[in-house]
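Worksheet: the structure to be examined is printed underneath.
In full-length UniProt numbering, the protein residues as written are 1 to 935.
Below, the structure is given as structure tokens:
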């Protein structure tokens with residue numbers, strides 16, 4: 001017994017000592033003439049998905065998923081400290097990549113996994129997984145980037161997962177222990193490396209060593225990679241090294257290879273014949289709208305925060321900025337997280353918006369009161385805003401006093417003058433509206449429709465916990481004129497003079513025509529409807545001469561639950577319609593026709609859960625479609641609801657969709673530019689993401705639509721546009737989330753399917769004239785005027801307040817092809833300014849030209865309130881992300897197949913250097929310029 005114990009002790013001692021003498025050499029770098037395997041350790045930590053972002057960080061709620069990002073961070077830092085040769089990157093996926101953005105930030109390479117399975121097969125066969133990507137026709141080679149698609153997933157090759165919970169064999173290199181496998185694992189490594197080299201150009205390949213939420217115990221990865229590098233390099237057939245994407249890109253560039261060129265994008269993509277990732281373009285439509293609304297709100301709030309001076313303490317716009325940043329995660333705004341996580345995103349946005357509302361409500365009294373210091377928030381003026389205005393809930397406007405006026409401050413965050421229509425709920429049509437100069441403003445009263453009242457009664461109770469006491473009777477509509485980066489004031493009071501009532505109380509005429517055709521539109525633009533079928537028939541613009549047959553309808557695809565040949569079902573990510581043709585909503589009934597001096601409307605009930613108002617405002621040459629959809633019936637069959645515009649245009653299978661609101665990309669039905677598409681899903685495989693809108697053209701006209709949120713769209717027949725607006729899928733089978741796409745809103749135990757409300761906008765222009773409408777109106781949709789309300793004596797307000805002002809030089813505005821997209825005071829007191837040219841090269845004859853902006857006139861010296869001075873003392877131009885001086889940005893000249901050294905790519909129009917004395921900024925088409933200013 002003593003002998004046996006001694007032998008065991010000696011064996012253990014020898015094993016321990018033997019193991020301690022194995023030192024792994026991890027110092028390898030790139031070796032010319034060998035296959036270099038770049039091991040890139042990484043973790044992919046979703047900012048919410050199955051769990052919320054905080055649950056992922058803290059490691060709580062592990063009943064859903066065992067993931068703790070705090071452990072990843074702590075563990076990786078300790079592992080990196082043990083060996084300076086080790087490397088690590090923190091990875092996330094891109095969502096709707098815009099290549100020229102990435103280039104302007106200063107990156108020169110991008111790496112990703114998600115492309116279509118057919119395209120991946122083709123690119124592997126041709127060794128074209130890595131390309132030079134020129135994502136903008138306007139910028140061409142000046143904004144190109146090296147784009148590397150992984151051969152498969154963003155994890156390591158099969159057999160080389162080394163997380164603690166994985167089953168792949170570790171490298172056992174102690175000869176005194178059983179299962180010694182160094183030679184076997186080195187052979188496995190070389191086989192996998194050579195296989196990847198066979199689909200990759202040059203002698204450099206990348207292994208992405210990590211995956212979702214891995215490295216919670218980082219040593220389990222790093223110890224195995226240490227061994228791989230040591231023994232593979234000792235073997236000598238290939239070279240293994242710790243690396244990063246930047247080291248890998250350096251090696252690729254140094255190889256002096258000529259790369260294939262890509263000028264389109266990688267959308268849409270599928271994992272299989274019936275697995276197109278085009279459903280998430282529309283999933284969670286109300287949340288998508290919330291993100292869009294608060295993005296515009298955030299832009300305005302940051303401007304006002306800057307104008308009064310950012311405070312060191314107290315409410316700020318930071319919380320909203322952080323919440324919007326989280327919401328940009330690829331499982332957030334996409335609508336591809338579990339419901340409790342989506343609710344967490346919405347909660348963060350609501351909290352951030354509440355704080356930003358305080359900032360706005362403090363800033364406006366400061367700006368409007370010339371004698372008030374902006375250093376404190378001691379204003380006696382209490383402002384309110386109306387977050388539920390779209391369902392006619394606005395307490396400030398519904399309760400008008402006999403003694404005080406309703407004061408409305410209208411703020412314009414855009415850099416040009418605005419003429420818009422304000423629309424607020426009121427209980428009385430004996431009301432007069434005056435502008436800041438005391439002039440009576442023309443108004444129109446429209447009875448609030450039943451669909452709006454139904455939403456108001458349910459959703460106000462659901463959101464606020466109580467039913468409104470009284471319901472408003474009318475929408476009050478009136479025109480507002482607001483200067484750039486400034487405000488105007490309007491006063492609403494009960495009318496006491498008969499003359500005022502006669503000139504101002506314009507009640508809308510409500511009628512039901514007995515004619516075959518119902519016409520709306522009092523200006524140049526007119527729309528014609530059939531009174532028998534209820535269908536839109538014709539679009540006419542008397543000014544431009546456009547006269548076109550046009551139909552509009554609502555339909556839905558039944559969601560496929562999968563079938564015997566393929567179990568793939570439609571769900572939050574995937575759009576797979578059934579094989580049945582789409583169902584057309586019942587014949588639309590014209591509920592009422594509204595005509596008035598400011599706006600004409602037609603109200604249509606398409607079925608019990610689809611209601612639409614088609615609206616044409618005076619002096620506006622576009623049509624606004626307001627839709628109310630829901631609750632989508634829960635009859636056991638999922639429904640993917642879309643609207644469809646059908647014209648007689650011949651468009652040759654071609655349509656155009658925006659790329660994150662910037663370039664429009666040409667799409668051709670059932671076609672891919674770089675590869676031959678085998679059509680397996682003729683509907684889902686032709687859907688594309690819309691953030692701004694889409695259009696079709698023929699030899700004479702442009703039919704355009706703009707959207708109020710991210711959604712999916714297509715043109716499945718010539719002259720036709722489809723926009724998917726809502727999805728309700730009750731089937732759980734096949735969902736990545738294990739949860740149905742079934743949004744509900746509850747009051748106690750009364751739960752209803754989600755009803756959404758929104759708008760899309762349509763115009764038909766002569767060929768070549770559509771871009772100006774798309775670009776300028778798109779900005780106005782993204783940044784609506786901001787309304788703030790209070791009740792004060794009209795005379796007292798006018799005598800003591802600044803009722804109308806602009807932060808710019810009076811009389812100056814930005815040119816119509818330039819937008820002010822960022823104006824924000826940073827923590828260090830510097831000011832971040834971004835200016836963006838809105839048009840592509842050649843898109844519009846008048847606007848696709850070099851534009852100039854005078855910074856001195858944007859910051860005119862002072863706002864008209866005497867305490868806010870803005871004289872630029874210092875400035876510097878930076879990268880798009882403002883973390884690098886533009887002068888320090890370096891550009892690589894990648895070689896491209898088919899382009900010789902003598903090739904001269906077209907030089908895009910770019911703005912020149914800024915003169916230090918004039919401070920005039922030039923912008924070429926699609927150019928964004930970023931500055932840090934000090935005042």
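Every residue, glycine too, gets a C-beta built ideally from N, C-alpha and C.
Can you give me the C-alpha to C-alpha distance between residue i and residue j, rounded to a whole angstrom?
i	j	result
residue 743	residue 562	21 Å
residue 393	residue 386	7 Å
residue 738	residue 51	13 Å
residue 382	residue 449	31 Å
residue 502	residue 772	Bear in mind that the predicted position of residue 502 carries a pLDDT of just 45, short of 50, making it unreliable; the figure below should be weighed with that in mind. Rounded to the nearest angstrom, the two C-alpha atoms are 39 Å apart.
residue 534	residue 603	10 Å
residue 660	residue 314	34 Å
residue 819	residue 312	29 Å
residue 633	residue 676	39 Å
residue 585	residue 612	12 Å
residue 391	residue 471	11 Å
residue 928	residue 192	43 Å
residue 917	residue 855	11 Å
residue 518	residue 590	10 Å
residue 715	residue 258	36 Å
residue 567	residue 335	22 Å
residue 194	residue 234	17 Å
residue 201	residue 251	12 Å
residue 178	residue 185	15 Å
residue 271	residue 277	8 Å
Does the Cβ-Cβ distance between residue i and residue j come in under 8 Å?
i	j	result
residue 425	residue 397	yes
residue 920	residue 852	yes
residue 657	residue 688	yes
residue 842	residue 571	no
residue 41	residue 210	yes
residue 803	residue 882	no
residue 229	residue 26	yes
residue 72	residue 242	no
residue 127	residue 199	yes
residue 780	residue 302	no
residue 323	residue 289	no
residue 297	residue 249	no
residue 207	residue 163	no
Would you call residue i buried or exposed, if buried means 16 or more other Cβ atoms sit within 10 Å of its Cβ?
i	result
residue 224	buried
residue 650	exposed
residue 238	buried
residue 638	buried
residue 608	exposed
residue 736	exposed
residue 923	buried
residue 429	buried
residue 467	exposed
What does DSSP give as the partner residues of residue i in its beta bridges?
i	result
residue 788	409
residue 762	623 and 705
residue 874	934
residue 658	664
residue 941	Here the chain covers residues 1 to 935 and nothing more, so residue 941 does not appear.
residue 590	604
residue 262	133
residue 696	703
Measure from the alpha carbon of residue i to the alpha carbon of each residue in the options, then state which is nearest.
i	options	result
residue 907	238, 140, 407 and 108	140
residue 256	299, 566, 204 and 293	204
residue 692	521, 516, 911 and 762	762
residue 707	732, 745, 757 and 678	757
residue 794	246, 435, 174 and 269	435
residue 548	698, 57, 166 and 259	698
residue 477	546, 894 and 423	423
residue 721	732, 669 and 482	669
residue 264	524, 405, 117 and 664	664
If we cut at 8 Å on Cβ distances, does residue i have a partner in chain C?
i	result
residue 757	Included in the structure is just one protein chain, with no chain C present.
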